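Chains as they are written, first to last, in UniProt numbering: chain D, 1 to 325; chain Z, 1 to 325; chain X, 1 to 325. Where a beta carbon is used, it is the ideal one built from N, C-alpha and C, also for glycine. Nothing here was measured: the structure is a model prediction, and the numbers come from that model.
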Amino acid sequence: MTTSAPGIDEVRARTFPFPRRHFLSALDLNIVEANRLLDLADTFVALNRQTTKKLDLLKGRTLVNLFFENSTRTQSSFELAGKRLGADTMNMSVKNSSVAKGETLIDTAVTLNAMRPDLLVIRHASSGAAELLSQKVGCSVINAGDGQHEHPTQALLDALAMRRVFGDLAGLTVAICGDVLHSRVARSNVNLLSVLGAEVRLVGPPTLLPAGADRWGASVHHDMEKGIAGADVVMMLRLQLERMQGALVPSTREYFRFWGLDREKLKAASDRVRVMHPGPMNRGVEIDSDVADDPAVSLIQDQIEMGVAARMAVLATLAARLDND
Amino acid sequence: MTTSAPGIDEVRARTFPFPRRHFLSALDLNIVEANRLLDLADTFVALNRQTTKKLDLLKGRTLVNLFFENSTRTQSSFELAGKRLGADTMNMSVKNSSVAKGETLIDTAVTLNAMRPDLLVIRHASSGAAELLSQKVGCSVINAGDGQHEHPTQALLDALAMRRVFGDLAGLTVAICGDVLHSRVARSNVNLLSVLGAEVRLVGPPTLLPAGADRWGASVHHDMEKGIAGADVVMMLRLQLERMQGALVPSTREYFRFWGLDREKLKAASDRVRVMHPGPMNRGVEIDSDVADDPAVSLIQDQIEMGVAARMAVLATLAARLDND
Amino acid sequence: MTTSAPGIDEVRARTFPFPRRHFLSALDLNIVEANRLLDLADTFVALNRQTTKKLDLLKGRTLVNLFFENSTRTQSSFELAGKRLGADTMNMSVKNSSVAKGETLIDTAVTLNAMRPDLLVIRHASSGAAELLSQKVGCSVINAGDGQHEHPTQALLDALAMRRVFGDLAGLTVAICGDVLHSRVARSNVNLLSVLGAEVRLVGPPTLLPAGADRWGASVHHDMEKGIAGADVVMMLRLQLERMQGALVPSTREYFRFWGLDREKLKAASDRVRVMHPGPMNRGVEIDSDVADDPAVSLIQDQIEMGVAARMAVLATLAARLDND
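What follows is the structure, given as structure tokens:
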């Protein structure tokens with residue numbers, strides 16, 4: 001099962017300086033940069049499938065995961081990405097932090113910064129938190145989700161999963177469905193997919209679409225069947241029940257009936273349709289297990305695998321950028 | 001104090017492919033395999049006693065500790081075992097995981113699996129959880145305790161501790177005493193010790209012995225003195241107060257009087273008797289500190305030391321097995 | 001931005017055996033040893049400012065962080081120090097430990113010790129906990145804060161930060177202000193600064209100065225202005241509201257008025273004064289942001305940076321001591 005890994009020199013040769021010092025928004029990338037990053041990520045997918053999934057490209061670098069919100073998969077994904085690149089990797093979760101003692105976000109950031117990390121991954125409940133941090137620290141900041149704003153590495157991994165199935169994304173039709181209102185994933189995907197030339201649709205009940213969604217550069221649909229008609233990709237969003245203030249949805253059962261993706265609704269999409277979900281899924285709420293677990297249509301596991309590889313590409317290029325500064 | 005460490009080539013030469021892809025039960029090993037694994041573990045005991053306790057045998061491999069129940073010593077033991085073998089090691093505890101967001105055990109496992117770990121250590125409150133996982137993932141699964149079912153690496157480290165004192169375990173008399181009902185440690189020990197030719201006794205009040213214990217291949221005793229008479233090893237089990245539903249025990253004081261091991265009760269055992277306990281101990285409940293802390297009879301600290309070494313042997317052989325698949 | 005790093009051979013040559021097996025109190029060091037340790041720490045400051053901030057001096061060594069109290073910065077600082085020196089580093093926090101199952105501090109320590117760590121960093125709410133541990137284990141113990149007793153690596157990093165500004169500390173006037181009663185930082189600083197020849201003042205309301213503070217070898221002041229008059233360093237202490245039993249302070253607002261450091265009060269100090277704080281700060285309680293964030297006077301970020309370097313020096317020398325034993 002072991003195939004030959006891309007050598008460190010080869011990967012180093014393909015690694016280029018990230019276009020900015022920080023990765024805060026999917027808008028930080030133009031089409032050329034995005035595709036070059038996806039090319040590099042493909043290399044890391046190959047590496048991670050080998051027995052020895054390690055490349056000491058970031059040896060001596062320090063990566064800090066600073067998570068003010070819990071997230072198994074995103075934090076693990078960055079942790080593994082850092083470790084597989086040989087970086088010293090440290091996790092800080094909010095419960096262990098001085099925030100409980102009354103320290104501010106900025107104090108925490110400035111404290112961390114004084115420890116001379118190279119790469120700081122942050123997730124925070126407030127939109128704009130990552131950008132605020134980036135102005136206070138000397139290291140590179142990666143936005144791993146800030147409020148309802150952006151989650152750019154998710155968009156990158158989603159694009160990677162799509163590109164590996166469909167090739168060039170130009171002209172691809174992607175329907176992003178469900179709770180767009182609370183979704184930074186949706187926003188980052190719209191941004192990056194637009195750059196990559198895909199046609200994006202936002203599909204959901206009016207209560208779960210943000211005001212002004214029609215100005216995001218995507219079409220807006222309030223009917224599921226019409227929204228996914230002919231779509232190449234149907235990306236279901238997690239119904240963020242824990243973030244809902246007030247009753248935006250009558251019941252999860254009602255929600256599934258109108259907006260949950262099942263085999264029947266999926267018939268409206270393209271013959272070659274693939275289904276995506278950023279996870280964790282509410283099975284039987286926004287998606288039926290029958291669809292989610294079907295390897296012929298579901299890219300959900302691929303997304304997770306692509307997550308580690310895409311983050312390795314981001315970390316490697318940001319570190320290369322730091323070398324040049 | 002520094003002695004020469006076994007070289008990496010020497011250890012690699014002694015490392016063999018684990019007989020199965022997963023290590024779920026002590027029954028996964030026959031006598032030849034078990035002894036070969038114990039031989040390899042002895043090598044790691046020597047390594048861990050040296051200044052440089054590191055051997056990059058698993059460099060580039062990814063080990064994930066997935067613990068749905070807290071456990072200081074087992075998790076730490078696997079973490080150190082992985083790190084000392086050079087693996088990238090990641091801990092996931094249930095509180096940080098998406099399980100809180102409603103994700104199922106299987107979703108968590110499938111998510112992790114997509115990140116391409118090589119070795120997945122799982123502890124879970126449900127019997128059979130480890131086996132269930134092993135059917136869903138591509139990596140090797142190690143059962144670090146599933147409900148009241150099995151905890152096979154504990155049995156392996158216990159056998160290692162015994163073998164280093166007594167040599168061959170064939171014909172050795174081992175009395176396992178106390179709360180057998182709630183103990184996966186007891187079950188795994190009965191399984192492995194039987195394979196290794198020891199005579200095993202289960203000793204405890206009827207309320208703390210499982211129905212059908214007489215069919216485990218061990219003799220059953222409801223009298224402490226008779227149960228440990230002439231025994232070479234007395235293995236005390238932790239009284240699992242936190243798992244007891246209903247009043248199986250009148251009071252811990254009463255329990256100690258009848259079932260707690262003290263110097264007086266120990267007189268019934270063999271002259272060369274050794275005392276064991278998987279920890280953490282309830283001092284003054286199932287065991288008296290006077291016995292537990294006596295280096296002449298207690299193997300309790302040795303068990304912990306053997307734990308790291310035994311787990312290194314398991315990780316190394318499972319990885320060798322993956323190489324061959 | 002990359003400058004040449006001190007080579008591993010150079011650092012190894014500068015590394016000397018720590019004078020004791022453990023680092024429990026600032027009193028463990030005499031003036032020669034303290035300055036030699038600070039010299040070594042300066043080397044690590046330079047290392048940490050480089051791109052490749054890694055030196056495999058402790059490869060194969062195991063460092064365990066055993067924290068019974070939460071602390072972002074101290075635990076992170078030791079973790080990074082260990083990782084940057086190439087040690088295998090493991091964090092254990094009390095919530096994940098068997099302490100919750102009723103295991104004693106000593107059992108936890110003895111358990112850990114059996115896993116053969118080389119360096120054990122402990123923080124505990126009880127004064128004397130670190131020393132107690134050091135008598136039970138074979139590894140080196142580093143006191144990272146025990147009750148209201150000592151926090152010697154904090155004193156070391158504070159001395160490093162001062163020495164880099166003022167050179168020799170002999171004759172320097174340091175005013176330690178505020179909640180001295182609950183502060184192990186104050187006690188360790190008085191001890192080390194006295195060894196290094198500085199003149200130390202303790203400044204605070206009588207309710208927040210411990211009985212017998214006049215016998216610490218520092219002068220005692222109950223008036224802020226007089227206390228910091230002409231001081232070269234004003235070290236503000238965190239008001240430990242969470243540890244206060246009974247009402248020692250009327251209100252935080254009142255406290256700030258009389259004891260909080262602001263620009264106005266600071267005028268009484270020396271022209272070259274520097275302000276320090278061990279963090280995390282209660283802004284507007286014991287210190288005004290206007291002072292804390294002024295790079296011309298504040299050493300607060302430097303302290304954090306020095307923390308990683310000072311701990312690297314401690315870990316490296318303790319390991320060198322283990323080599324010799």
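Specify, as a first and last residue, the run of the alpha helix (DSSP H) that residue i falls within.
| i | result |
| --- | --- |
| X/MET312 | 300-324 |
| X/VAL190 | 184-195 |
| Z/ARG263 | 263-266 |
| Z/GLY230 | It is not in any alpha helix (DSSP H) - Z/GLY230 carries neither H nor E in the DSSP assignment. |
| X/ARG253 | 252-259 |
Can you name, in chain order, every residue of its own chain whose Cβ lies under 7 Å from the Cβ of residue i, other than the five neighbours on each side?
| i | result |
| --- | --- |
| Z/ALA100 | Unreliable placement is indicated for Z/ALA100, whose pLDDT of 44 sits below 50; no coordinate value is reported for it. |
| D/ASN96 | Because D/ASN96 carries a pLDDT of 46, less than 50, the predicted location of this residue cannot be relied on, and the following value inherits that uncertainty. Result list for D/ASN96: empty, nothing under 7 Å. |
| D/ALA218 | VAL190, VAL200, ARG201, LEU202 |
| D/LEU38 | ALA159, LEU160, ARG163 |
| X/ALA109 | LEU133, LYS136, VAL137 |
| Z/SER127 | ASP146, GLY147, GLN148, HIS149 |
For residue i, collect the residues of the same chain with a Cβ closer than 8 Å to its Cβ; drop the 5 residues on either side in sequence, then sort them by chain order.
| i | result |
| --- | --- |
| D/THR15 | LEU40, LEU57, ALA316, THR317, ALA320 |
| Z/ARG263 | ASP288, ASP290, VAL291 |
Please tell me whether residue i and residue j are closer than 8 Å, where the distance is taken between their beta carbons.
| i | j | result |
| --- | --- | --- |
| Z/PRO6 | Z/LEU47 | yes |
| Z/ARG84 | Z/MET312 | yes |
| Z/VAL233 | Z/LEU172 | yes |
| X/ALA211 | X/VAL180 | no |
| Z/VAL220 | Z/SER77 | no |
| Z/LEU266 | Z/TYR255 | no |
| X/THR111 | Z/ILE304 | yes |
| X/ALA296 | X/ILE228 | no |
In three-state DSSP terms, what is residue i?
| i | result |
| --- | --- |
| X/ASP235 | For the sequence presented, residue 235 of chain X should be read as Met rather than Asp. Correct three-state label for X/MET235: strand. |
| D/ALA175 | strand |
| X/VAL137 | coil |
| X/VAL200 | strand |
| Z/GLU150 | strand |
| X/PHE16 | coil |
| D/ASN70 | coil |
| Z/ASP9 | helix |
| X/PHE169 | Reading the sequence as shown, one finds Leu at residue 169 of chain X and not Phe. Note: X/LEU169 maps to coil in three-state DSSP. |
| D/SER219 | strand |
| D/ASP294 | coil |
| X/ARG49 | coil |
| X/ALA213 | helix |
| D/LYS101 | Residue placement at D/LYS101 is flagged as unreliable, the pLDDT there being 47, under the threshold of 50; a coordinate-derived value is accordingly withheld. |
| Z/GLY82 | helix |
| X/ALA129 | helix |
| X/MET115 | coil |
| Z/VAL275 | strand |
| Z/ARG283 | strand |
| D/ASN143 | strand |
Looking at the unbroken beta strand (DSSP E) that takes in residue i, where does it start and where does it end?
| i | result |
| --- | --- |
| Z/PHE67 | 62-67 |
| D/ASN91 | 88-93 |
| Z/ILE122 | 119-124 |
Suppose the cutoff is 6 Å on Cβ atoms and the five residues either side in sequence are ignored; what does the same chain contact list for residue i look like?
| i | result |
| --- | --- |
| Z/GLU131 | LEU24 |
| Z/GLU33 | PRO19 |
| D/MET236 | CYS177, GLY178, LEU261, HIS277, GLU286, ILE287 |
| D/GLN75 | ASN65, PHE67 |
| D/VAL45 | ALA309 |
| D/ILE142 | PHE23, VAL121 |
| X/ALA269 | ILE228, ALA231, VAL234 |
Any heavy atom of the ligand COA inside 7 Å of the beta-carbon of residue i?
| i | result |
| --- | --- |
| X/PHE258 | In the structure shown, the ligand COA is absent, as is every other ligand, since no ligand is present at all. |
- Message: Short of 9 Å Cβ to Cβ, which residues in the region 40-69 of chain X face chain Z?
- Response: Cβ contacts with chain Z come from LYS59, GLY60, ARG61, THR62, VAL64.
- Query: What residues from the region 289-316 of chain Z come within 7 Å of chain X, judged by C-beta to C-beta, listed N to C?
  - Reply: So the close ones are GLN301, ILE304, GLU305, VAL308.
- Item | the region 255-283 of chain X: positions lying closer than 7 Å to chain D by Cβ | Hits within the stretch, in order: GLY279, PRO280, MET281, ASN282.
- Task: For the region 72-85 of chain Z, enumerate the residues whose C-beta is nearer than 7 Å to any C-beta of chain X, in chain order.
- Result: Listed in sequence order: THR72, ARG73, SER76, SER77, GLU79, LEU80, LYS83, ARG84.
- Query: What residues in the region 106-117 of chain D have a beta carbon less than 9 Å from any beta carbon of chain X?
  - Reply: Against chain X - using a Cβ distance shorter than 9 Å - the residues of the region 106-117 of chain D are ASP107, THR108, VAL110, THR111, LEU112, ASN113, ALA114, MET115, ARG116, PRO117.
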